[in-house]
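One structure below.
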Amino acid sequence: VHKLVELYKESSEEWSRKAKELEGVIKALETHLAQVETDYKDKLEKEVSARIQVEKEAEDSKVKLERCEAEIESLRKENELSLLPLSSFSTDRLMVSSESNEIVEANSMIVPKVPVGVSGTALAASLLRDGWSLAKMYAKYQEAVDALRHEQMGRREAEAVLQRADIKRQERDYQLAQKEIDDLQEQMNVRTAVRCAWMVIQDKIISRFCIFHA
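FYI, the numbering for the sequence shown is 1429 to 1642, going by the numbering used here.
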């Protein structure tokens, strides 16, 4: 009987030692899993925030693109209605901006550069003395107006192209952010499943240890 008691005592001590070791391992794993889960949650929150920001930027870009397309359409309509009656050319007051002057110069001086505020009548009289006819003056004036509007339309079309490229880039960023979110969510689910499995194993070990001592 004494020998059986000693064997039981030694076996009990061995089981107690192994149970403590397993308990330490399980606690370490639980701590590690909890830290990993926290890290993944932080990453997930950041990715969700980034996706929301990309969605906002994409929406802003679409609004800008619509505005540019509307301006382009408006300029096209203005070009269609830009032909002025010849009679209005000699009586209207000519106000030449710095922008139109640059375009005039860039087009090999379609019409002479005129000081701001010079009346159409004075300009016409000066050009008539130089041998210009009213028809020629009107034609050159119309060329300058067309060149200005063409430059404005070209600028708006370039802005629209840039906006479309920006929208495509944002769509790619959104898809990438969504993929990152899906991957993080899947990894979190796996970590949670592993943690639950370890908790089940821990309960089984403790239950068997208690039965053995009982």
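Each residue gets a CB set at the ideal place from its N, CA and C atoms; glycine is no exception.
Within the model, the alpha-carbon separation for Glu1599 versus Lys1474 is close to 18 Å. Between the C-alpha atoms of Ala1593 and Ser1502 there is a straight-line separation of about 22 Å.
Judged by DSSP in its simplified three-state form, Ser1502 adopts helix. Assigned with DSSP and collapsed to three states, Ser1477 falls in helix. In this structure, Leu1450 sits away from Val1622, with a CB-CB distance that is not shorter than 8 Å.
The alpha-carbon of Arg1557 is positioned some 18 Å away from that of Ala1567.
For Met1616, same chain residues with a beta-carbon under 8 Å away, outside a window of 5 residues either side, are Glu1465, Tyr1468, Lys1469 and Leu1472 in chain order. By the C-beta criterion, the segment 1476 to 1488 is judged to be in contact with the segment 1600 to 1611, since at least 3 inter-stretch pairs fall below 8 Å. Look at the segment 1597 to 1627 and you find no whole run of beta strand (DSSP E) that is 3 residues long or longer. About 36 Å separates the Cβ atoms of Ser1489 and Gln1570, ruling out a contact at the 8 Å cut-off. Closest in alpha carbon position to Ala1486, among Ile1595, Lys1505 and Glu1458, is Ile1595. DSSP places Asp1467 within a helical segment (H, G or I) once states are collapsed to three.
In this structure, Ile1454 is the residue among Glu1442, Ile1454, Arg1577 and Ser1561 with its C-alpha nearest to the C-alpha of Ala1625.
In this structure, DSSP gives Asp1558 a state outside helix and strand, which the three-state scheme calls coil. Spatial neighbours of Tyr1602 in its own chain (CB-CB distance under 7 Å, excluding positions within 5 residues in sequence) are listed in chain order as Arg1479, Val1482, Glu1483 and Ala1486. Between the alpha carbons of Gln1613 and Val1628 lies a distance of about 23 Å. In summary, Arg1584 is buried, with 16 or more beta-carbon neighbours lying within 10 Å of its beta-carbon over all protein chains present.
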